[in-house]
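*Asks:* Numbering (the numbering used here), first residue to last: 5 to 138. Glycine is no exception: its CB is placed at the ideal position from the N, C-alpha and C atoms.
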Amino acid sequence: MKAQVIIERGADGTFDANMEYIKDIPFGLLGQGKTVAETIADFYNSYEEMRAMYQAESKTCPALDFEFKYDIPSFLQYYAYAFTLAGLERITGVNQKQLGHYISGFRKPSERTARKIEEKIKTFAKEIESVRFV
Numbered sequence: 005m006k007a008q009v010i011i012e013r014g015a016d017g018t019f020d021a022n023m024e025y026i027k028d029i030p031f032g033l034l035g036q037g038k039t040v041a042e043t044i045a046d047f048y049n050s051y052e053e054m055r056a057m058y059q060a061e062s063k064t065c066p067a068l069d070f071e072f073k074y075d076i077p078s079f080l081q082y083y084a085y086a087f088t089l090a091g092l093e094r095i096t097g098v099n100q101k102q103l104g105h106y107i108s109g110f111r112k113p114s115e116r117t118a119r120k121i122e123e124k125i126k127t128f129a130k131e132i133e134s135v136r137f138v
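#1: How about Ala15 and Asp69: are their beta carbons less than 9 Å apart?
#2: Give me the Cβ distance between Ile10 and Lys73, rounded to the nearest whole Å; I'm assuming they're in contact under 8 Å.
#3: Per DSSP, which one or two residues make a beta bridge with Leu34?
#4: Which residues mark the beginning and the end of the beta strand (DSSP E) in which Lys124 is found?
#5: Using a 10 Å radius around the Cβ and a threshold of 16 neighbouring Cβ atoms, would you call Val138 buried or exposed?
#6: Could you tell me the alpha carbon to alpha carbon distance between Ser108 and Gly17, rounded to whole angstroms?
#7: On the DSSP letters alone, give me the boundaries of the beta strand (DSSP E) that Ala7 sits inside.
#8: When the Cα atoms are used, what is the spatial distance from Ala84 to Glu53?
#9: Given a cut-off of 9 Å on the beta-carbon distance, is the pair Phe19 and Gly37 in contact?
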């Protein structure tokens, strides 16, 4: 079963990963950390702890596949190793200063801007996916 997990940056600069509610799953999962990578690792640790608890009670824990979704600050922080703000500006059309505000949490993008960033990133990913070397 596929479960959606939302990763968001908190006001204190830390990150939370929350599993969205699924009707047939009798538990929720949470991960927290100072970085997105740490948060995802903590989230998977929570799932392993839940599986261990089920096993200790001789029950079968639902098998889940997770799909992570990011808010803009979380995405930008997580992929900072691959994208500079200058590169993201060229890809998305959103200026570096504004992107910096999103990363720091100083400002939140509007719904329209968030969709624009998402669409441009996906278009870029499709371009990269189509690259073939000889």
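*Replies:* This is what the structure holds:
#1: The answer is no: Cβ separation not under 9 Å.
#2: Sure, about 5 Å apart at Cβ, within 8 Å.
#3: In the DSSP assignment, the residues bridged to Leu34 are Asn22.
#4: Lys124: not part of any beta strand (DSSP E); member of the alpha helix (DSSP H) spanning Glu115 to Glu133, first to last residue.
#5: Exposed: under 16 other Cβ atoms inside 10 Å.
#6: Spanning the two alpha carbons is a distance of roughly 8 Å.
#7: Counting along the chain, the beta strand (DSSP E) containing Ala7 begins and ends at Lys6 to Arg13.
#8: Near 30 Å, if we compare the C-alpha coordinates of Glu53 and Ala84.
#9: Taking 9 Å as the Cβ cut-off, Phe19 and Gly37 qualify as a contacting pair.
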